[in-house]
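Asks: Numbering-wise, this note's numbering puts 413 at position 56 of the sequence shown, and it's gapless, one number per residue.
Note that CB positions come from ideal geometry on N, CA and C, so glycine has one too.
On a predicted model such as this, the values are computed, not experimentally measured, just so you know.
A single structure is presented below for examination.
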Amino acid sequence: PADQGLFAVNGDSRGIALRITDSRGNVARPGDRMPPGNIVPGSMGLNYFLDVMGNHEVLRAGAYQSTVRFKLNYY
């Protein structure tokens, strides 16, 4: 589920969510398409970065987990 444009986490912790960006700085938002990009010939790699962000709730320490599903259209 979405959490203020970020990806929500489950578990005992509170006050955090996940932000995912690609190597060009585009931010992935739940339910939105990302801009098209090119795969570098020879590498076939797609690089993404994950940041733990505050979501304006009171912080509470604890374990958390999240699952993010994505679809890749390649043509």
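Give the straight-line distance between the Cα atoms of Asn-412 and Ile-396, rounded to the nearest whole angstrom.
Replies: As a position in the sequence shown, residue 412 is number 55, starting the count at 1. As a position in the sequence shown, residue 396 is number 39, starting the count at 1. The straight-line gap from Cα to Cα measures roughly 32 Å.
Asks: Could you tell me the boundaries of the beta strand (DSSP E) in which Phe-406 lies?
Replies: Walking along the sequence shown from the start, residue 406 turns up at place 49. That run of the beta strand (DSSP E) goes 405-411.
Asks: Flag this pair as yes or no: are the beta carbons of Val-409 and Ile-373 separated by less than 8 Å?
Replies: The sequence position of residue 409 within the sequence shown is 52, counting from 1. The sequence position of residue 373 within the sequence shown is 16, counting from 1. Yes, they are a contact pair.
Asks: Taking the alpha-carbon of Gly-368 as reference, which of Asn-430, Gln-422 and Leu-429 has the nearest alpha-carbon?
Replies: On the sequence shown, position 11 is the one that residue 368 refers to. Closest by alpha carbon: Gln-422.
Asks: Does any residue of chain C bring its CB to less than 8 Å from the CB of Ala-385?
Replies: In the structure shown, chain C does not exist; there is a single protein chain.
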